[in-house]
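*Asks:* Sharing a structure, written as structure tokens. Questions coming.
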Amino acid sequence: MPADRLTIILLLVVLAAVILILGGALWLTRQRTRERIARLSDEIAEIASGGLFHERVSRSAEDDPFSEIENSINAVFEAAQGVEREHRERDTLFHGLAEQVDQAVVIHRDTIEYANPRLASLRGVRQSDLEEQTFTDLVHEAYRDKLRSRLEAVLAGLHGGKPVEAQMLDRHGNGVWVRITSHPIQYHGQPAVMSVILDISHEKALEAALEQGRIQTRVTLESVAEGVVTTDSAGKIDYINSAAEQLTRVMSADALGRRFSDLVSLVDENDRRRVADPVRACLARQQRIVMGGRTLMLPAVGDAEIAVEMTASPINNLAGETVGAVIVLRDVSEMRGLARQMTYQASHDPLTGLINRREFESRIDESLTTARSGEASHVLCYLDLDRFKVVNDTCGHAAGDNLLREVAGLIKDKVRDSDSVGRLGGDEFGMLLAGCPLKKARQIAEEVVQVINAYRFVWRDKIFALGVSIGLVEIGLESGGREDLLGAADSACYIAKQNGRGQVHVYSSRDEAKARHRGEILWLQRLQNALKDDRFELYTQPILSLGGNSGSGPGVEVLLRLRGDDGTEVSPYEFLASAERYHLMPQIDRWVVQTTLAALGRDVIRLPHQRSCSINLSGQTLGDEQFLEFVVDCLDHTGVSPGRICFEVTEAAVVDNLSHARRFIEVLHGMGCEFALDDFGSGLGSFANLKNLSIDYLKIDGSYTRNLGEDTVNRAMVAALIKLSRTLRFQVVAEQVEDEDSLETVREMGVDFIQGYAVGRPRALHLAVAEVAANTA
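In this text, residue positions in the sequence shown follow the numbering used here: the first is 2, and each later residue adds one.
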């Protein structure tokens, strides 16, 4: 037993020893494992914390149980190294691209994590100075809340890409206009924002300039007198200025969005027919539409009728596409009214209201056409008042004018509605009896003679008896031209006078020879003798400048008179018509120009400082091709400065000789001579031809200025003529101003110069010559 016991004890001891050995071995193994795990953990931590994914943990022997773990960990580090390499390559590519673009590129969360050089350039700082700066602090504080809200919305997935315009501050605190567009991204594995910043300073400057241009355009459009309306491509109004509001009677708020044709109707003034909508036509044809002539605009509101000139022009964009239309409206009611007055005055005598010589001659031409076609025959009557000169010389021009008006009414009352009565000049009248047999015409003429013989003209305390002589000529198939008819009627009238005045005489071929030997040849001889014997005389009449003695302008006008065989003075009204008839006016005008320039050269005609001397020229003279050279030679010979000469011409004279007149005026005006349009208002049928000529002054016809203080019609006409003159930038001379009332009236109306008895009466030039001779003796 003891042995067994000992054996057992020994076995127990051995077992205990084995257990101790095994326990020690297990403890030792566990301790070593813990150490290796701690070491492995430290290596992993060192590699991971340093981002050293290219390094590896220590490796054990191949048969070491830890070698598999180490291999797995190293495989993870190798994969991490690949990912890191990809991220690094991607960052390098992004930075390379970001640093090449013109826009500023920023990656940020609250603070900036990356900014390219363009942002540094915009701010005027170094690129490194931008790191860790709060992104919203880049912009002016007025825009920060807006930018912050937009960034929050971007991170939340809202408003992606919608830009913010703000002023970004440079290092000096100056604002630079930028447009910031932001998008959400992942940056280094975390949500971030990439913002692209575009410098829009130039764009904003252009916008400001455009806005300033728009403001200036609007101010300009609101200031112009013309109405301006613009529409879109559909013809709907998108702008209307204040002048257009007044013309259409529609305010801007009510006009916007409506069509132009909704605001107004357009009709033809002559036939009242509706005119097509110019805006619709402009947009359809894509071309400018001009509406002038006789267009009337009828606003939808009210019952006004406005005479307008209108253009509708397409508005094109840079691509040439029509995007709208602009309508320009001009109220020409006043000008059309004036034009109607001018048209009337072009065909009517302003004193009597009868048609004037030009219109009368035009109607003779029409009568000749119908007579030669066999449609009808007519009768031309030529009337010459007897004893008119007595009234005019005794009582003055005002009495003579009243007499002519009353006689015109008497004649008018005796003819039919289809007949024409005209004043041919001075105290001469004409009757054109349309479709009238000669017997009936003679009866009408005799009735006119009777009514004028029975008439008594009363002027203040004087009573005058008058008479009239009438010559008749039939207009038929065999009639000659207009001048032949007028000459025949004039000859018949002359025979009537020779037969005892107050007579009616019908023209026959025998009358022509008789008249030639008695009357016409007599006048021709008298005028030729006057030129040969120097019996023409010059008078001068002063012209008053209402601007004082300073400045240029006409200072005196030379007037022509004829001394008769018996020494009496013959009025130009008596001989100028005959001089025209026998084409003597060029010779007479040469004498006037030569004598006037000689007198100016000798200081016989004395002018105020810088003022000119006015000389009248006839139509025949303007048509004389050699007259221009004659004037230039006279200026050279006398040494008179061209600036001291003002030539007066009538509209009829210029229009009838337009090509010669234009050259004459242009050459002498270029040398310094001035030109005045004489008798302005007495005939404006072709005034459009004159506005392009070098005319300096307009002389208002004396029939309007006499008795101006009491005649409201004449006052209105003078006001209209002055306004037209101002529009054409001509200075105005009022002639035949004979009394203080008329003088004050024209002064108040704004004329520049005054001529007439109220300023000074004509004075014979030979008296001035005598004074100069006496002073130099």
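For every residue, glycine included, the Cβ atom is placed at its ideal position computed from N, Cα and C.
Here's the rule I'm using: 16 or more other beta-carbon atoms within 10 Å means buried, otherwise exposed. How should residue 2 be labelled?
*Replies:* For the purposes of this step, residue 2 is taken as the residue at position 1 of the sequence shown. The predicted model places residue 2 with a pLDDT of 44, which falls under 50 and marks its position as unreliable; any figure quoted below should be read in that light. Exposed, by the Cβ-count rule.
*Asks:* Does the region 222 to 231 come within contact of the region 200 to 209, defined as at least 3 CB pairs closer than 8 Å?
*Replies:* No: the two stretches stay apart, fewer than three of their Cβ pairs being nearer than 8 Å.
*Asks:* Let me know the secondary structure DSSP gives residue 109 once reduced to three states.
*Replies:* Taking the sequence shown and counting its residues from 1, the one referred to as residue 109 is at position 108. DSSP places residue 109 in strand when its eight states are reduced to three.
*Asks:* Of all the options 592, 181 and 427, which has the alpha carbon lying nearest to the alpha carbon of residue 387?
*Replies:* For the purposes of this step, residue 387 is taken as the residue at position 386 of the sequence shown. Among 592, 181 and 427, the Cα nearest to that of residue 387 is on 427.
*Asks:* Quick check on the DSSP output: what are the complete alpha helix (DSSP H) runs of length 4 or more inside the region 598 to 686, in order along the chain?
*Replies:* For the region 598 to 686, whole alpha helix (DSSP H) runs of length 4 or above, ordered along the chain, are 620 to 623, 628 to 639, 652 to 657 and 659 to 672.
*Asks:* Can you name the start and end residues of the alpha helix (DSSP H) that residue 454 belongs to?
*Replies:* Here residue 454 refers to the residue found at position 453 of the sequence shown. From DSSP, the alpha helix (DSSP H) with residue 454 extends over 439 to 455.
*Asks:* What's the C-alpha gap between residue 313 and residue 254?
*Replies:* Residue numbering aside, residue 313 sits at position 312 when the sequence shown is read from its first letter. Residue numbering aside, residue 254 sits at position 253 when the sequence shown is read from its first letter. Roughly 22 Å between the two C-alpha positions.
*Asks:* Does the pairing of the region 660 to 670 with the region 691 to 700 give three or more beta-carbon distances under 8 Å?
*Replies:* At 8 Å Cβ cutoff, the stretches touch.
*Asks:* Whose C-alpha, out of 739, 151 and 727, is nearest the C-alpha of residue 751?
*Replies:* Your numbering for residue 751 matches position 750 in the sequence shown. Of the listed residues, the one whose Cα sits closest to residue 751 is 727.
*Asks:* Which class does residue 492 belong to by DSSP, given the choice of helix, strand or coil?
*Replies:* The count along the sequence shown starts at 1 and reaches residue 492 at position 491. In the structure shown, residue 492 sits in a helix (DSSP, three-state: H, G or I).
*Asks:* To the nearest angstrom, how far is the alpha carbon of residue 322 from that of residue 283?
*Replies:* As a working note, residue 322 is residue 321 in the sequence shown. As a working note, residue 283 is residue 282 in the sequence shown. Near 13 Å, if we compare the C-alpha coordinates of residue 283 and residue 322.
*Asks:* Contact between the region 577 to 593 and the region 623 to 637: three or more CB pairs below 8 Å?
*Replies:* The answer is yes - the region 623 to 637 touches the region 577 to 593, with three or more Cβ pairs under 8 Å.
*Asks:* Which residue wins for smallest C-alpha separation from residue 108, given the options 385, 185, 580 and 339?
*Replies:* In the sequence shown, the residue the question calls residue 108 occupies position 107. The shortest Cα separation from residue 108 among 385, 185, 580 and 339 belongs to 185.
*Asks:* Locate the beta strand (DSSP E) running through residue 463, then write down its first and last residues.
*Replies:* The count along the sequence shown starts at 1 and reaches residue 463 at position 462. Run containing residue 463: 463 to 466, per the beta strand (DSSP E) assignment.
*Asks:* Leaving out the 5 sequence neighbours to the left and right, which residues in its chain are closer than 7 Å to residue 658 when beta-carbon positions are compared?
*Replies:* In the sequence shown, the residue the question calls residue 658 occupies position 657. Correct list, in chain order: 620, 623 and 624.
*Asks:* Take residue 687 and list the residues in its own chain whose beta-carbon comes closer than 6 Å to its own, dropping the five residues that flank it on each side.
*Replies:* Counting from one through the sequence shown, the residue named residue 687 turns up at place 686. Confidence at residue 687 is low in this model, with a pLDDT of 46, below 50, so the placement of that residue should be treated as unreliable; the coordinate-derived value is given next. 656.
*Asks:* Our contact map puts residue 442 next to residue 473 with C-beta atoms below 8 Å; I'd like the distance itself, whole angstroms only.
*Replies:* Walking along the sequence shown from the start, residue 442 turns up at place 441. Walking along the sequence shown from the start, residue 473 turns up at place 472. Contact flag correct, Cβ pair sits at about 6 Å.
*Asks:* What is the DSSP secondary structure of residue 380, counted as helix, strand or coil?
*Replies:* Within the sequence shown, numbered from 1, the residue matching residue 380 stands at position 379. Three-state DSSP puts residue 380 in a strand.
*Asks:* Do you know how far the Cα of residue 369 is from the Cα of residue 762?
*Replies:* Taking the first residue of the sequence shown as 1, we reach residue 762 at position 761. Taking the first residue of the sequence shown as 1, we reach residue 369 at position 368. About 45 Å.
*Asks:* Does the region 476 to 487 touch the region 359 to 373, meaning 3 or more C-beta pairs lie closer than 8 Å?
*Replies:* Counting Cβ pairs under 8 Å, three or more are found: they touch.
*Asks:* Could you spell out the range, first to last residue, of the alpha helix (DSSP H) harbouring residue 566?
*Replies:* Reading the sequence shown from its first residue, position 565 is the one you call residue 566. Taken as a continuous stretch (DSSP letters only), residue 566 belongs to no alpha helix (DSSP H), as it is neither H nor E.
*Asks:* Who are the Cβ neighbours of residue 716 in its own chain at under 8 Å, not counting the five residues just before and after it?
*Replies:* Translated into positions along the sequence shown, residue 716 becomes position 715. Here the set comprises 709, 746 and 750.
*Asks:* With three or more beta-carbon pairs closer than 8 Å as the criterion, would you say the region 444 to 455 touches the region 404 to 416?
*Replies:* Contact holds: three or more Cβ-Cβ distances are below 8 Å.
*Asks:* So the alpha helix (DSSP H) residue 579 belongs to, where does it begin and stop?
*Replies:* Numbered from 1 along the sequence shown, position 578 holds the residue referred to as residue 579. Residue 579 -> alpha helix (DSSP H) spans 573 to 582.
*Asks:* Among the residues of its own chain, which have a CB less than 7 Å from the CB of residue 180, if the five just before and after it don't count?
*Replies:* What you label residue 180 is simply residue 179 of the sequence shown in a count that begins at 1. Excluding positions up to five away in sequence, the list reads 164, 166, 199 and 201.
*Asks:* With DSSP collapsed to three states, give me the class of residue 430.
*Replies:* In the sequence shown, counting from the first residue as 1, residue 430 sits at position 429. Correct three-state label for residue 430: strand.
*Asks:* How about residue 289 and residue 541: are their beta carbons less than 7 Å apart?
*Replies:* Indexing the sequence shown from 1 puts residue 289 at position 288. Indexing the sequence shown from 1 puts residue 541 at position 540. Cβ atoms of residue 289 and residue 541: not closer than 7 Å.
*Asks:* From 558, 424, 113 and 246, pick the residue whose C-alpha is nearest to that of residue 766; which is it?
*Replies:* Here residue 766 corresponds to residue number 765 of the sequence shown, with the count starting at 1. Answer by Cα proximity: 558.
*Asks:* Bridge partners for residue 308 per DSSP, in chain order?
*Replies:* Taking the first residue of the sequence shown as 1, we reach residue 308 at position 307. Answer by DSSP bridge pairing, in chain order: 297.
*Asks:* Is residue 731 helix, strand or coil when you go by DSSP?
*Replies:* On the sequence shown, position 730 is the one that residue 731 refers to. In the structure shown, residue 731 sits in coil (DSSP, three-state: anything other than H, G, I, E or B).
*Asks:* Flag this pair as touching only if the region 268 to 275 and the region 294 to 301 have three or more C-beta atom pairs under 8 Å; answer yes or no.
*Replies:* Because the criterion of three Cβ pairs below 8 Å is met, the region 268 to 275 and the region 294 to 301 touch.
*Asks:* Does the count of Cβ pairs from the region 391 to 406 and the region 445 to 465 closer than 8 Å reach three?
*Replies:* Contact between the region 391 to 406 and the region 445 to 465 is present, because at least three Cβ pairs lie under 8 Å.
*Asks:* Please list the terminal residues of the continuous beta strand (DSSP E) segment that includes residue 700.
*Replies:* Counted from its first residue, the sequence shown places residue 700 at position 699. 698 to 701 is the span of the beta strand (DSSP E), which, as asked, contains residue 700.
*Asks:* Does the pairing of the region 605 to 616 with the region 565 to 581 give three or more beta-carbon distances under 8 Å?
*Replies:* Touching, no, given that fewer than three Cβ pairs across the two stretches are closer than 8 Å.
*Asks:* Identify every residue that forms a DSSP beta bridge with residue 545.
*Replies:* Stepping through the sequence shown from its first residue, residue 545 is reached at position 544. According to DSSP, which records beta bridges pairwise, residue 545 is partnered with 755.
*Asks:* Taking buried to mean at least 16 other C-beta atoms within 10 Å of its own C-beta, is residue 129 buried or exposed?
*Replies:* One-based indexing of the sequence shown puts residue 129 at position 128. Label assigned to residue 129: exposed.
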